[in-house]
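Student:
Next up, the structure:
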């Protein structure tokens, strides 16, 4: 049963937009994200391990209706696929790839190499001692070869390396860097190019890409790889943004900067945090946390009309920019399917009620959804 707050919230949305959830459902065949932007860029969603296990048919039907691209949220990370030596857990990853392939979607594997969610054993020998450079490069090659042999051309693109740089543009201090060296990113892309089918696109993915230091560092990294003849096809700009940051101008500057280096731009992890007490510098730094207080979880019963309008305006401005640069942006992927499945409900404060996506907890379209659709219609396309 809906609370009084939820009932009032839905009534406000109805009055604000002039259509109800029932109308939105009835219009499912006439509008969808993938149909609206079909000639411009892919529109995708990240799918959780629970989705891959075939739980929640309603979510599956929503994804089929609205999206033409999918990304694995966690099921293809090293700790999920291979938590211990010889212990392969591939059911969720296999089902993710099968679902995307069966639907004819643009399938993105996430992620081959990341400093988080990689088991300690990856960096160690059988006695628990650190590997040397050659040994770790061999282990990296084995992982990529396994992924290539198992999924091949059923995956269209892989995030090869995730979050290798700090906001100031310096390399992050990780075990990858400590053991392999400062050329870790280069070696990762060399291995991926060697082992993956040539049709599989190779992407570098990171958050905070609108910050000048990181933007410059990644631009130089792309130039350096290309100068050395190492293939890199795209840059994934994670879009873990807020209502006010980053500015449209900063987002545009990064899109243009990366595209000028001859790579596709992927908006790889889009959501808009509407809750207070989020430091804009966090980006998607999962190590950052905040203390829970009664005042920083104000929308447990749903977003009030004013906040629905702000979220809709923000998404409209962002998609207006993506549409403007549709010759540069290849894909826009939401990090999750509905508000109830967003990672922001538990970061940087566990247990909060966030409203970061285009679909609410009842799988219904929010005002922000209509605002995004109207971007294309308003352009006269």
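In the working numbering, the protein residues as written are 28 to 408. Backbone N, C-alpha and C fix where the C-beta goes; we use that ideal spot for every residue, glycine too.
1. Just mark residue 283 as buried or exposed, buried being the case when its beta carbon has 16 or more other beta carbons within 10 Å.
2. Please specify which runs of the alpha helix (DSSP H), each continuous and at least 4 residues long, are wholly inside the segment 180 to 223, giving them in chain order.
3. Quick one: what's residue 361 bridged to in DSSP?
4. Using a 10 Å radius around the Cβ and a threshold of 16 neighbouring Cβ atoms, would you call residue 109 buried or exposed?
5. Could you check which residue in 95, 285, 58 has the C-alpha nearest to that of residue 70?
6. Using a beta-carbon distance below 7 Å, is residue 322 in contact with chain C?
7. May I ask which residues mark the beginning and end of the alpha helix (DSSP H) holding residue 6?
8. Hey, is the segment 344 to 364 in contact with the segment 279 to 294, meaning 3+ C-beta pairs nearer than 8 Å?
9. Does DSSP put residue 232 in a helix, in a strand, or in coil?
10. Express the C-alpha separation of residue 389 and residue 83 in angstroms, rounding to a whole number.
11. With a Cβ-Cβ cutoff of 7 Å, do residue 259 and residue 229 count as a contact?
12. Looking only at DSSP bridge pairs, what is residue 135 linked to?
13. Please report the residue range of the alpha helix (DSSP H) in which residue 240 lies.
14. Ignore the nearest five residues each way along the sequence and tell me which others in residue 151's own chain have a CB closer than 8 Å to its CB.
15. Quick check: the Cα distance between residue 394 and residue 249, rounded to an integer number of angstroms?
16. Consult DSSP for residue 64 and reduce its assignment to one of helix, strand or coil.
17. What's the C-alpha gap between residue 232 and residue 164?
18. Where residue 55 and residue 392 are concerned, what is the direct C-alpha to C-alpha distance, given to the nearest angstrom?
19. Out of 219, 348, 234, point me to the one whose CA is closest to residue 195's CA.
20. What are the complete beta strand (DSSP E) segments, minimum 3 residues, inside the segment 342 to 406?
Tutor: Quick look at the numbers:
1. The residue labelled residue 283 in the question sits at position 256 within the chain shown. Residue 283 is exposed by the Cβ-count criterion.
2. Listed in chain order, the alpha helix (DSSP H) runs fully inside the segment 180 to 223 are 202 to 207, 211 to 222, counting runs of at least 4 residues.
3. Position 334 of the chain shown holds residue 361. According to DSSP, residue 361 bridges with 72, 297.
4. As a working mapping, residue 109 is identified with position 82 in the chain shown. With 16 or more other Cβ atoms within 10 Å, it is buried.
5. As a working note, residue 70 is residue 43 in the chain shown. The shortest C-alpha separation from residue 70 is found at 95.
6. The structure shown contains no chain C; it is built from a single protein chain.
7. Outside the displayed range of the chain (28 to 408) lies residue 6, so it cannot be described from this structure.
8. They touch, by the three-pair rule.
9. Locating residue 232 in the chain shown gives position 205, where the first residue counts as 1. Strand at residue 232.
10. The count along the chain shown starts at 1 and reaches residue 83 at position 56. The count along the chain shown starts at 1 and reaches residue 389 at position 362. If you take the alpha carbons of residue 83 and residue 389, they lie about 12 Å apart.
11. Sequence index remark: in the chain shown, residue 259 carries index 232 (1-based). Sequence index remark: in the chain shown, residue 229 carries index 202 (1-based). Yes.
12. As a first step, residue 135 must be located in the chain shown, where it is residue number 108. Residue 135 is bridged to 98, 184.
13. Translated into positions along the chain shown, residue 240 becomes position 213. Looking at the DSSP string, the run of the alpha helix (DSSP H) that includes residue 240 is 239 to 254.
14. Taking the first residue of the chain shown as position 1, residue 151 is located at position 124. Excluding positions up to five away in sequence, the list reads 157, 158.
15. On the chain shown, position 367 is the one that residue 394 refers to. On the chain shown, position 222 is the one that residue 249 refers to. A direct Cα-to-Cα measurement between residue 394 and residue 249 gives close to 38 Å.
16. Translated into the one-based positions of the chain shown, residue 64 becomes position 37. Coil, per DSSP.
17. Reading the chain shown from its first residue, position 205 is the one you call residue 232. Reading the chain shown from its first residue, position 137 is the one you call residue 164. In this structure, the straight-line span from the alpha carbon of residue 232 to that of residue 164 is close to 20 Å.
18. Translated into the one-based positions of the chain shown, residue 55 becomes position 28. Translated into the one-based positions of the chain shown, residue 392 becomes position 365. Unreliable placement is indicated for residue 55, whose pLDDT of 40 sits below 50; the coordinate value is still reported in the next sentence. Their Cα atoms are separated by approximately 10 Å.
19. Counting from 1 along the chain shown, the entry for residue 195 is found at position 168. Distance from the Cα of residue 195 is smallest, within the candidate group 219, 348, 234, for 234.
20. Counting only unbroken stretches of 3 or more residues, the beta strand (DSSP E) elements lying wholly within the segment 342 to 406 are 356 to 361, in sequence order.
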